[in-house]
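Visitor: Take a look at this one; I'll ask things after.
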Amino acid sequence: MAGWLIRDVTTGSTGAPSTTSSSVSKPSGSSGAVPGSSSGLPVKALSSLPKEAGDTWKLIQKGGPFPYPRNDGVVFHNNGNVLPRNKDGYYHEYTVDTPGAKNRATRRLITGSQRELYYTDDHYDSFVVVDPTR
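Each residue of the sequence shown is one higher than the one before, counting from 682 in the working numbering.
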């Protein structure tokens with residue numbers, strides 16, 4: 682069970698009963714339960730996003746390989762300050778494939794140094810906080 686618990690906390694796997702993982706993987710209280718939720722941005726379950734967002738999340742957790750190695754994993758500079766302000770290098774971006782698109786299109790996952798996960802489907806104009814455990 683300890684192996685599952687460690688895997689659950691690090692990968693966000695939901696393969697075991699939620700009663701065990703919720704008391705360990707999330708801080709008590711609803712405020713701050715999902716990294717990034719204190720930003721005031723809406724929180725969405727990873728499972729509610731396009732399937733390709735989940736595919737990208739799996740690649741992020743494995744460390745790749747990424748379909749766009751020149752673009753995936755690079756620093757996201759947050760120039761529009763839509764995400765909480767942090768020093769440059771705090772955020773990294775990853776392409777979320779768009780079926781039928783001939784290029785990288787507009788969907789991205791952004792990771793933060795404190796385990797935050799954000800999603801945009803409009804090329805950085807707006808974001809949601811992603812709860813990868815749901």
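Beta carbons: idealized from backbone N, C-alpha and C, even for Gly.
Just to confirm, is the Cβ distance from V763 to Y805 under 9 Å?
Guide: Yes, these two residues count as a Cβ contact at 9 Å.
Visitor: Can you check DSSP and say which residues form a bridge with F757?
Guide: According to DSSP, which records beta bridges pairwise, F757 is partnered with Y772.
Visitor: Name the DSSP beta bridge partners of Y800, please?
Guide: DSSP, once it has assigned bridges, lists L790, V809 as partnering Y800.
Visitor: Could you tell me the distance, in whole angstroms, from the CA atom of V777 to the CA atom of A714?
Guide: Straight-line Cα distance between these residues: approximately 25 Å.
Visitor: How is A734 classed by DSSP in three states: helix, strand or coil?
Guide: Reduced to three states, the DSSP call for A734 is helix.
Visitor: Count the other C-beta atoms from every protein chain shown that fall within 10 angstroms of the C-beta of D812, then say buried if there are 16 or more, exposed otherwise.
Guide: By the 10 Å Cβ count, D812 comes out buried.
Visitor: Mapping DSSP to helix, strand and coil, what is K783?
Guide: Looking at K783 - three-state DSSP - the assignment turns out to be coil, as it is neither helix nor strand.
Visitor: Measuring alpha carbon to alpha carbon, tell me which of K725, F757, Y775 ends up nearest S746.
Guide: The question names Ser, yet the displayed sequence has Pro at residue 746. Of the candidates K725, F757, Y775, the one whose C-alpha sits nearest the C-alpha of P746 is Y775.
Visitor: Report yes if the C-beta distance between G793 and G735 is below 9 Å; otherwise report no.
Guide: No, Cβ-Cβ distance for G793 and G735 is not below 9 Å.
Visitor: Residue range of the beta strand (DSSP E) that V724 falls in?
Guide: Unbroken beta strand (DSSP E) run through V724: 724-726.
Visitor: Could you say which of V810, T787, R788 lies nearest to L798 if we only look at CA atoms?
Guide: Per the Cα distances, V810.
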